[in-house]
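Chains as they are written, first to last, in the working numbering: chain V, 1104 to 1329; chain P, 1104 to 1329.
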């Protein structure tokens, strides 16, 4: 198909498609004449993936280029592709060295040992976890670490579901793309579900929707609803 | 304390502190002389909260202003504060109206009904969930909706843990701040845990770290480790 048809099918404007080609996100079309290129279903699929990572995953163009580069490189081990996809969470910060950082790192090491997780404290996700916990400690919420095992139970549930989904994919290309989509878009899915579950849990705990702060606890045990 | 001392204690440069005051994130200090202001522990605590929301939560200054405005407004119902904190996930997009959007909306409605969640399809998080699922559908991963109940189980676990934590806080001020911190920073915690659990699950499923794509499945059942 021509670029105009690709644009119509995907809803992506022609100049934007050309920009993605220039940035290396999308392979160029095949030249059928000096100034006309042909695109196929693979282009359409890739374009939809780019839009999903941009619009729902919140990735920047540079991050998408990196992730797609990993997807397209058959020699790249699977866990490296996963790492590239996860990097969009961008732990910008260097390690800090106050008491909270030390406490958080210890809590993470103990968690990994306690769960028997086959991972290492040097994993970037472990550093991100320490950073988040240390930040909570600095605002007086060090007690949040008490929730770590409940959070870890939930993370294991999600990871098992994801891996089960990925392992059902037929081809390796499918598998890698599934890992990327699962990591980036699956996070958006879980984030939305967590907020919905919060609304539900707080409606049950604090009563119906619209209760002000002074109504805290007033709705507990309310009957005749549901 | 003077602004220099506040800067030393928190590691935030003086011009940055002044910028936060101008933007309304931080209340001004109390003037002890025409060109000298005094800051107290509440300023220090607020400043640490701002940094945590910025650095770990990834919120922009405008989003923080909105969230802190909600925290500081005692008439604002708790669930509105929660909504302001959750808004940083910024569903930029308008609703789309293709077949995938329709399928996703139906899946979300059915999920909410099936789980008996006391929430409504009009909740912004429900719209975000639909958007993420529709995006997956458009890249050929509509089957991801099969994982929704496993994801929802995990989200309920996390929400119960969060609410349990929040309900243990003594004062209302604490409670509201806990909700904000839990929503924003708790998401960073869960995201990191999910990635760690992925590494663990794939190490168990596909063998040791560093296995290439061609080694997929080769490590399943490997013994003598762990």
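Using N, Cα and C, we set each Cβ at its ideal position, and we do this for glycine too. Just so you know, these numbers come straight off a predicted model, no measurement behind them.
- Query: When we look at the beta-carbon of residue 1107 of chain P and count the other beta-carbons within 10 Å, is it buried (16 or more) or exposed?
  - Reply: Here residue 1107 of chain P is exposed, its C-beta having fewer than 16 other C-beta atoms within 10 Å.
- Query: Which first and last residues belong to the beta strand (DSSP E) in which residue 1140 of chain P is found?
  - Reply: For residue 1140 of chain P, the uninterrupted beta strand (DSSP E) run begins and ends at 1139-1141, by DSSP.
- Rounded separation between residue 1291 of chain V and residue 1285 of chain V - CA only: Going from the Cα of residue 1291 of chain V to the Cα of residue 1285 of chain V covers about 10 Å.
- Message: Rounded to the nearest angstrom, what separates residue 1116 of chain P and residue 1122 of chain P at their Cα positions?
- Response: Answer to the nearest angstrom: the Cα atoms are 10 Å apart.
- Message: Is it buried or exposed, residue 1213 of chain P, if we count other Cβ atoms within 10 angstroms and call 16 or more buried?
- Response: Under this definition residue 1213 of chain P is an exposed residue.
- Of the residues P:1301, P:1249, P:1243, P:1237, which one's Cα is nearest the Cα of residue 1159 of chain V? Per the Cα distances, P:1237.
- Option nearest residue 1294 of chain V by Cα separation, candidates P:1154, P:1259, P:1204: Answer by Cα proximity: P:1259.
- Message: Can you pull the chain V neighbours of residue 1200 of chain P, defined as C-beta to C-beta under 7 Å?
- Response: Going along chain V, no residue has its Cβ under 7 Å from residue 1200 of chain P, so there is no contact; the nearest lies around 11 Å.
- Task: Using alpha carbons as the reference points, say which of V:1242, V:1249, V:1246, V:1288 lies closest to residue 1150 of chain P.
- Result: Residue 1150 of chain P has its Cα closest to that of V:1242, out of V:1242, V:1249, V:1246, V:1288.
- Message: On the DSSP letters alone, give me the boundaries of the beta strand (DSSP E) that residue 1133 of chain P sits inside.
- Response: Where residue 1133 of chain P is concerned, the enclosing beta strand (DSSP E) starts and stops at 1133-1136.
- Task: Using a Cβ-Cβ cut-off of 8 Å, state whether residue 1260 of chain P counts as contacting chain V.
- Result: It does: the Cβ of residue 1260 of chain P has a partner Cβ on chain V nearer than 8 Å.
- Task: Could you please give the first and the last residue of the uninterrupted alpha helix (DSSP H) stretch that includes residue 1217 of chain P?
- Result: For residue 1217 of chain P, the enclosing alpha helix (DSSP H) stretches over residues 1202-1218.
- Please report how far the alpha carbon of residue 1156 of chain P lies from the alpha carbon of residue 1134 of chain V, in whole angstroms. One C-alpha to the other measures close to 49 Å.
- Return the CA-CA distance between residue 1327 of chain P and residue 1221 of chain V, expressed in angstroms with no decimal places. For residue 1327 of chain P, the predicted structure reports a pLDDT of 34, less than 50, and the residue's modelled location is therefore unreliable. A value from the coordinates is still provided. For residue 1327 of chain P and residue 1221 of chain V, the distance between alpha carbons rounds to 14 Å.
- Message: residue 1253 of chain P and residue 1257 of chain V - do their beta-carbons sit closer together than 8 Å?
- Response: No. Outside cutoff.
- Task: Say whether chain V places a C-beta atom closer than 8 Å to the C-beta of residue 1268 of chain P.
- Result: Yes, residue 1268 of chain P lies at the interface with chain V (some Cβ there is under 8 Å from its Cβ).
- Task: Might you give, ordered along the chain, the residues of its own chain that have their beta carbon closer than 6 Å to the beta carbon of residue 1324 of chain P, omitting 5 neighbours on each side?
- Result: Residue confidence is low: residue 1324 of chain P scores 31 on pLDDT, short of 50, so the model does not pin down where it sits. Its coordinate-derived value is still stated next. Answer for residue 1324 of chain P: no residue qualifies.
- Message: Let me confirm a value: residue 1297 of chain V is counted as buried when at least 16 other C-beta atoms fall within 10 Å, else exposed. Which label applies?
- Response: Counting every other CB atom within 10 Å of its CB across the protein chains shown gives residue 1297 of chain V a total of 16 or more, marking it as buried.
- Give the secondary structure of residue 1303 of chain P by DSSP, where H, G and I count as helix, E and B as strand, and everything else as coil. Look at residue 1303 of chain P here: in three-state DSSP terms it is helix.
- Output the boundary residues of the alpha helix (DSSP H) element that contains residue 1158 of chain V. Taken as a continuous stretch (DSSP letters only), the alpha helix (DSSP H) holding residue 1158 of chain V covers 1144-1158.
- Compare the Cα-Cα distances from residue 1247 of chain P to each of V:1266, V:1240, V:1235 and report the closest residue. Out of V:1266, V:1240, V:1235, V:1266 has the C-alpha closest to the C-alpha of residue 1247 of chain P.
- Query: Between residue 1116 of chain P and chain V, is there a C-beta pair that is closer than 8 Å?
  - Reply: No, residue 1116 of chain P does not count as interfacial toward chain V.
- Message: Using beta carbons (cut-off 8 Å, strictly below), is residue 1058 of chain P in contact with chain V?
- Response: With chain P covering only 1104 through 1329, there is no way to say anything about residue 1058 of chain P.
- Item | Amino acids of chain V, ordered along the chain, whose beta-carbon sits closer than 9 Å to that of residue 1126 of chain P | Result: empty, since nearest Cβ-Cβ is about 19 Å, beyond 9 Å.
- Find out if the Cβ-Cβ distance for the pair residue 1126 of chain V, residue 1164 of chain V is shorter than 8 Å. Between residue 1126 of chain V and residue 1164 of chain V, the C-beta gap is smaller than 8 Å, which places the two residues in contact.
- Query: Can you give the Cα-Cα distance for residue 1110 of chain P and residue 1240 of chain V, rounded to whole angstroms?
  - Reply: Answer to the nearest angstrom: the Cα atoms are 19 Å apart.
- Applying a beta-carbon distance threshold of less than 8 Å, which residues of chain P neighbour residue 1290 of chain V? Proximity of chain P to residue 1290 of chain V at the Cβ level (cut-off 8 Å) is accounted for by 1294, 1297, in chain order.
- For residue 1171 of chain V, which residues from the same chain have a beta carbon less than 7 Å from its beta carbon, with the 5 sequence-adjacent residues on both sides left out? Short of 7 Å from the beta carbon of residue 1171 of chain V, and not among the five residues preceding or following it, lie these beta carbons of its own chain, in chain order: 1128.
- Three-state secondary structure (DSSP) of residue 1239 of chain V: Helix, per DSSP.
- Query: Taking just the CA atoms, how far does residue 1235 of chain P sit from residue 1162 of chain P?
  - Reply: The alpha-carbon separation between residue 1162 of chain P and residue 1235 of chain P amounts to approximately 20 Å.
- Item | Cβ pair residue 1268 of chain V, residue 1250 of chain P closer than 8 Å | Yes, the Cβ-Cβ distance between residue 1268 of chain V and residue 1250 of chain P is below 8 Å.
- Task: Could you check what DSSP says for residue 1116 of chain V in three-state terms: helix, strand or coil?
- Result: Of the three classes helix, strand and coil, the one that applies to residue 1116 of chain V here is coil, per DSSP.
- Item | Rounded straight-line distance, which links the Cα of residue 1299 of chain P to that of residue 1270 of chain V | When rounded, the distance between both Cα atoms is 18 Å.
- Item | Start-to-end residues for the alpha helix (DSSP H) that takes in residue 1266 of chain P | It spans 1251-1270 - the alpha helix (DSSP H) in which residue 1266 of chain P sits, taken as one unbroken run.
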